[in-house]
Amino acid sequence: MSRDIKIIGGSAHPQLARNICRHLGTELCPTRVVRFSNENLMVQIEENVREADVFVVQPSCPPVSDGIVELLITIDALRHASAARITAVLPYFPYARSDKKDRPRISISARLMADLLETAGADRVLTMDLHSPQVQGFFRIPADQLQAAPILCDYLTSHRDLSNHVLVASDVGESKEIGNYANRLNLPISIVDKRREGDDENAHATTLIGDVEGRVALIVDDEIASGGTLIEATRFVLENGAQSVEAVCVHPVLSGKAAARIAAAPISSLIVTDTLPIPSEKRIDKLQVESVAGLFAQAIHAIHHGESVSNLFR
Ligand code: R5P
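Printed below as a string of structure tokens:
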């Protein structure tokens, strides 16, 4: 595409948007967000975007609803400002865990988010590690899903002796995804069978499939929200003879007291990405943050130039 490329950083994670721009050798396109006394939002694009190829970076993070509305209004503003193509860049996708109708009379909210983005005027979506594969099928517009596994595995291979590690999926849902890590790291896997009662944030581990005895258990999950799953998996693998525990996760949601709970738990390190902003009070000593900005910049460059993004999965 010979049109100008423009990157807009919404209020959710301006640092990630700036880092993406740095990799692309460009500046953020200026915008102004106004909150009126009635709490309505106004977004103004402060430079010409006519016929431009625009990427709006806005992962889902607190305040979640405000972030979604701001993104939709930004996309609508861009459409009315005659942008040629608008890509919603959502490194952490909103409501991704609401991906099925698993109880009566509930919304499949991730599907609703996909519909809203399209209705607002998004032409494409760029995201990372969706909670489940079916979410990608919720879009009728092109949706590219990047993977953090190459970045996290590169960190592990260059900073760890992995000769005594075993990968542990913290629940059965993660057991397929963990294959990505196992192939790259050439490690065996174990799976914790976790059960949750309704909306209870305390998951209960019931069975361990595989062997962790005497090994360093490297727990893998797509996201850590309350930390309940990780802490329960940690307890369970130690009870089953693991020597120690490390953890790796893509989306550090770290809601409520999760960071403090993980700080106090027998987990020696937690490696995450920056798909979401991590406030300073949640940056506990054992946390290592690897940036996805370079990978998103490469994907944006490829999309802009009409090139394949599949080679980014290596
Ligand atoms: C669940 O299916 C996910 O893979 C994560 O394990 C879950 O979202 C983590 O949530 P929490 O930290 O609240 O247990």
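The opening position of the sequence shown corresponds to residue 2 in this note's numbering, with each subsequent residue numbered one higher. Here a beta-carbon is modelled for each residue, glycine too, at the ideal position from N, C-alpha and C.
Measure the CB-CB distance between residue i and residue j and report whether it falls below 8 Å.
i, j, result
"residue 145", "residue 127", "yes"
"residue 44", "residue 8", "no"
"residue 149", "residue 251", "yes"
"residue 56", "residue 90", "yes"
"residue 85", "residue 54", "yes"
"residue 99", "residue 111", "yes"
"residue 274", "residue 246", "no"
"residue 24", "residue 277", "no"
"residue 220", "residue 260", "no"
"residue 48", "residue 12", "no"
"residue 233", "residue 258", "no"
"residue 209", "residue 186", "no"
"residue 29", "residue 92", "no"
"residue 238", "residue 290", "no"
Expressed to the nearest angstrom, what Euclidean distance is found between the alpha-carbon atoms of residue i and residue j?
i, j, result
"residue 19", "residue 211", "43 Å"
"residue 33", "residue 97", "28 Å"
"residue 296", "residue 222", "20 Å"
"residue 125", "residue 301", "11 Å"
"residue 217", "residue 188", "11 Å"
"residue 69", "residue 164", "43 Å"
"residue 309", "residue 298", "14 Å"
"residue 283", "residue 76", "31 Å"
"residue 281", "residue 288", "11 Å"
"residue 272", "residue 155", "12 Å"
"residue 62", "residue 190", "31 Å"
"residue 40", "residue 134", "35 Å"
"residue 215", "residue 181", "24 Å"
"residue 109", "residue 140", "13 Å"
"residue 235", "residue 305", "43 Å"
"residue 31", "residue 10", "8 Å"
"residue 175", "residue 153", "16 Å"
"residue 172", "residue 178", "11 Å"
"residue 113", "residue 35", "26 Å"
"residue 81", "residue 142", "19 Å"
"residue 256", "residue 267", "19 Å"
"residue 42", "residue 107", "28 Å"
"residue 132", "residue 159", "27 Å"
"residue 279", "residue 64", "14 Å"
"residue 303", "residue 138", "22 Å"
"residue 307", "residue 67", "32 Å"
"residue 22", "residue 105", "44 Å"
"residue 205", "residue 262", "16 Å"
Just tell me which of the options has its CA closest to the CA of residue i.
i, options, result
"residue 6", "16, 15, 27 and 23", "27"
"residue 254", "270, 141, 94 and 307", "94"
"residue 58", "109, 49 and 123", "123"
"residue 192", "204, 186 and 167", "167"
"residue 52", "83, 215 and 220", "83"
"residue 207", "230, 46, 4 and 259", "230"
"residue 4", "31, 46, 30 and 50", "50"
"residue 241", "264, 213, 256 and 226", "213"
"residue 249", "305, 161, 303 and 257", "161"
"residue 312", "256, 151 and 262", "151"
"residue 203", "209, 225 and 190", "225"
"residue 136", "291, 153, 101 and 244", "101"
"residue 103", "197, 172, 66 and 269", "197"
"residue 60", "88, 46, 78 and 79", "88"
"residue 264", "228, 290, 243 and 244", "228"
"residue 314", "10, 80 and 147", "147"
"residue 121", "205, 244, 79 and 175", "79"
"residue 243", "262, 269 and 256", "269"
Worksheet item: Which ranges does the alpha helix (DSSP H) cover as unbroken runs of at least 4 residues, wholly within the region 176-244, from first to last along the chain?
Response: 179-186 and 229-240
- Message: Quick check on the DSSP output: what are the complete beta strand (DSSP E) runs of length 3 or more inside the region 72-158, in order along the chain?
- Response: 86-91, 125-129 and 144-147
Alpha helix (DSSP H) runs wholly inside the region 12-83, at least 4 long, in chain order: 15-25 and 65-81
Self-check item: beta strand (DSSP E) runs wholly inside the region 234-297, at least 3 long, in chain order
Solution: 245-252, 270-274 and 288-291
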